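Sequential numbering of the sequence shown, starting at 1, is according to UniProt numbering.
Worksheet: one structure, shown below.
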Amino acid sequence: MSSKVRRVTRGGKEKVDYPDSKECLVLDDKGVIDWTKLPDDTVLQLFSCLNNCDRGSLSSTCRTWRILGASSCLWQVLNIRPHNKCDAAAAASLASRCQDLHKFRLRGAESADAIINLQTGNLSEFSGDHCRKISDATLSVIDAQREKLKSLQLGPDFCETISSDAIKAVAICCHHLQKLRLSGIREVDGDTISALARQCPNLVDIGFINCLSIDERALANVLSVRFLSVAGTTSMKWALVLEHWNKLPNLIGLDVSRTDIIPNAVARLFSSSQSLKVLCALNCPALKEDAGFVSNNNPKGKVLLALFTDIFKGVASLFADITKQERNIFMDWRNSETRDKKLDEIMNWLEWVLSHSLLRIAESNPQNLENFWFSQGAICCSICCRALKRKFKKGQLLALLLL
1 MSSKVRRVTR GGKEKVDYPD SKECLVLDDK GVIDWTKLPD DTVLQLFSCL NNCDRGSLSS
61 TCRTWRILGA SSCLWQVLNI RPHNKCDAAA AASLASRCQD LHKFRLRGAE SADAIINLQT
121 GNLSEFSGDH CRKISDATLS VIDAQREKLK SLQLGPDFCE TISSDAIKAV AICCHHLQKL
181 RLSGIREVDG DTISALARQC PNLVDIGFIN CLSIDERALA NVLSVRFLSV AGTTSMKWAL
241 VLEHWNKLPN LIGLDVSRTD IIPNAVARLF SSSQSLKVLC ALNCPALKED AGFVSNNNPK
301 GKVLLALFTD IFKGVASLFA DITKQERNIF MDWRNSETRD KKLDEIMNWL EWVLSHSLLR
361 IAESNPQNLE NFWFSQGAIC CSICCRALKR KFKKGQLLAL LLL
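Structure below.
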């Protein structure tokens, strides 16, 4: 065993018992290389470049590679979204490898039920797609077993069966929570939001997407929040929003896309909040119908992203170097050698909110948006979705192809 592998396994408290392998390859009498005698470090590096399925297939080559393929350093991130489902049997086979799992991404409520069988006490990020049928009981068990959880994301499908009680359980169990994004919750009441404010002091990113009802007044108590999205949420009480949300001292980004927000509310949010930098308001009919607002919507030092504004120009204005081509702003940011942590947080959040809202808009395909899709919508949606590795649904892809 090489010294590097020995250090990795010792740090992960993993017992490894297999014969030492040679550190170089040689030809046998017939001129054939025995690939199973590759150095351990090389095999680990090879495994790290493969997806889960290919890694499993290659691990079956020999006993040594099977043990190396189960090394905890290879199983800190697990993405099973490409697979249709992960049942209890599959979860049981993965359990021994996932003790040090940090990030887990899955698809479907059945896969979410199966995660209960994984002993992932060190899990920090949990993301589930198409979990419409996930229950309160499943979510509560997931949270109770993973106190170190920092990020919980369920969507973009509506999670209609999740109640406020389950979200309150998240607050009680996961004190390290920093990011909470849920879609399609029927009601997020004041007690639940107050529990998040009390129990999760590091909660900086909240997304209550496509909800039927949220408590606007209680959200003002989450003083740590920096990014807030209520996109697609109906029955928003904008008077309460204007009265209380300007008291959020750290709020940088606000997403009100696909809501009935009015121009006066946008103007007052910008003027009353000292910290607010970016307001995303895609497909808000009341804004587009106000010709005066459309022609004069450039608050100094603030950025408004809407269907009638230049999204790329708005995002580019966040950077000190404005000489770069605006259409390449996302690519230039990702390839930049100098990093700004605060700006990185804004850009990562913008990629998420833009991709989510643009895909929803494409799926519903409202009228009279041809110019928007041709000029910037299609390319912006493609860039953000590609960055997040988000797949198009059949209806969304068809809508874009028709345009």
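Cβ atoms here follow ideal geometry from the backbone N, Cα and C, with glycine treated the same way.
Keep in mind the model is a prediction, meaning the values are calculated, not measured.
- [ ] Tell me whether residue 128 sits in a helix, a strand or coil according to DSSP, three-state version.
- [x] strand
Open item on the list: Check for me: the alpha helix (DSSP H) holding residue 335 runs from which residue to which?
Closed with: 329–335
Task: Three-way DSSP call (helix, strand, coil) for residue 205 in this model - done: strand
Task: For residue 270, three-class secondary structure by DSSP - done: helix
TODO: Using three-state DSSP, classify residue 104 as helix, strand or coil.
DONE: strand
TODO: Would you identify the three-state DSSP class for residue 60, choosing helix, strand or coil?
DONE: coil
- [ ] Have a look at residue 266 and residue 124 and give me their C-alpha separation to the nearest angstrom.
- [x] 35 angstroms
- [ ] Look at the Cβ atom of residue 442, then the Cβ atom of residue 158, and state whether they are nearer than 8 angstroms.
- [x] The requested residue 442 does not occur in the structure, where the chain is confined to residues 1 to 403.
Open item on the list: By DSSP's criteria, residue 183 is part of a beta bridge. Which residues make up the other side?
Closed with: 209
Task: Own chain, CB closer than 8 angstroms to residue 65, minus 5 neighbours either side, in chain order - done: 36, 43, 58, 59
- [ ] Please classify residue 263: is it buried, with 16 or more other beta-carbons within 10 angstroms of its beta-carbon, or exposed?
- [x] buried
Task: Residue from 227, 241, 284, 97 with nearest C-alpha to residue 250 - done: 227
- [ ] Out of 307, 308, 339, point me to the one whose CA is closest to residue 319's CA.
- [x] 339
Open item on the list: Judging by CA-CA distance, which residue of 89, 207, 193 is the nearest neighbour of residue 352?
Closed with: 207
Open item on the list: One question on the structure: do residue 283 and residue 361 come within less than 8 angstroms of each other, judged by their Cβ atoms?
Closed with: yes
TODO: Spell out the partners DSSP gives residue 280 in its beta bridges.
DONE: 255, 305
- [ ] Starting from the Cα of residue 187, find the closest Cα among 378, 142, 216 and give me that residue.
- [x] 216
Task: Nearest residue (CA-CA) to residue 160, options 179, 126, 132, 98 - done: 132
Open item on the list: Quick check: the Cα distance between residue 374 and residue 78, rounded to an integer number of angstroms?
Closed with: 37 angstroms
Task: Cα-Cα separation between residue 107 and residue 130, rounded to whole angstroms - done: 6 angstroms
- [ ] Buried or exposed for residue 153, please, with buried defined as at least 16 other CB atoms from any protein chain shown within 10 angstroms of its CB.
- [x] buried
Task: Best match in 167, 294, 230, 205 for proximity to residue 192 [C-alpha to C-alpha] - done: 167
Task: N- and C-terminal bounds of the alpha helix (DSSP H) containing residue 227 - done: Residue 227 -> not in any alpha helix (DSSP H); beta strand (DSSP E) instead, spanning 227–229.
Task: Three-state class that DSSP yields for residue 383 in the structure shown - done: helix
TODO: Between the Cα of residue 382 and those of 328, 346, 50, 102, spot the shortest distance and give me the residue it belongs to.
DONE: 328
Task: One or two residues paired with residue 193 in a DSSP bridge - done: Partner(s): none; residue 193 has no beta bridge.
Task: Counterpart residues of residue 135 in DSSP-defined beta bridges - done: Paired residue(s): none; residue 135 is not in a bridge.
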